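Numbering-wise, our numbering puts 169 at position 6 of the sequence shown, and it's gapless, one number per residue. Note that CB positions come from ideal geometry on N, CA and C, so glycine has one too. Keep in mind that this is a model prediction, so the values were computed, not measured.
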Amino acid sequence: MQRRLSSLETNVEIRPLNGEKAVQAASDFIGEAFMSGVGTAVIIFEVQRSSRAESRKEEARKQELEMARGRGSTSWIPGMSKQEEKNHVRTSFSPSPPEAAQNQITAR
164 MQRRLSSLET NVEIRPLNGE KAVQAASDFI GEAFMSGVGT AVIIFEVQRS SRAESRKEEA
224 RKQELEMARG RGSTSWIPGM SKQEEKNHVR TSFSPSPPEA AQNQITAR
């Protein structure tokens, strides 16, 4: 039927394939199909894994942005609001010169 549609001769004799060649052709086909399937599965797995990793990174960025927006203004110290940072910096430095002079006067 296919030969008629493609305008090829229809009276060509097709010789039967011997058993050994048939087994070899079938095993080649099965081997190639298996390798193609494994290759396709690996590609699909890697694309999905990459997609999941990218979505996790994007979610982390969104959460970080929401945290920064929720604090009102951003701080240089992670997890601290701007006001907390000001208090932290103020208490971590030595007293200003007028305060130091006051402390020396009261110490006498």
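Linking Thr173 to Ala216 through their CA atoms gives a straight-line distance of about 58 Å. DSSP, read as helix, strand or coil, puts Thr203 in helix. For Ile193, the three-state secondary structure derived from DSSP is helix. When DSSP states are grouped into helix, strand and coil, Leu228 belongs to the helix group.
One alpha carbon belongs to Ser199, the other to Val175, and they sit about 34 Å apart. Close CB contacts of Gln187 within its chain, under the 8 Å cut and outside five residues either way in sequence, are absent. Between the C-alpha atoms of Gln226 and Ala204 there is a straight-line separation of about 33 Å.
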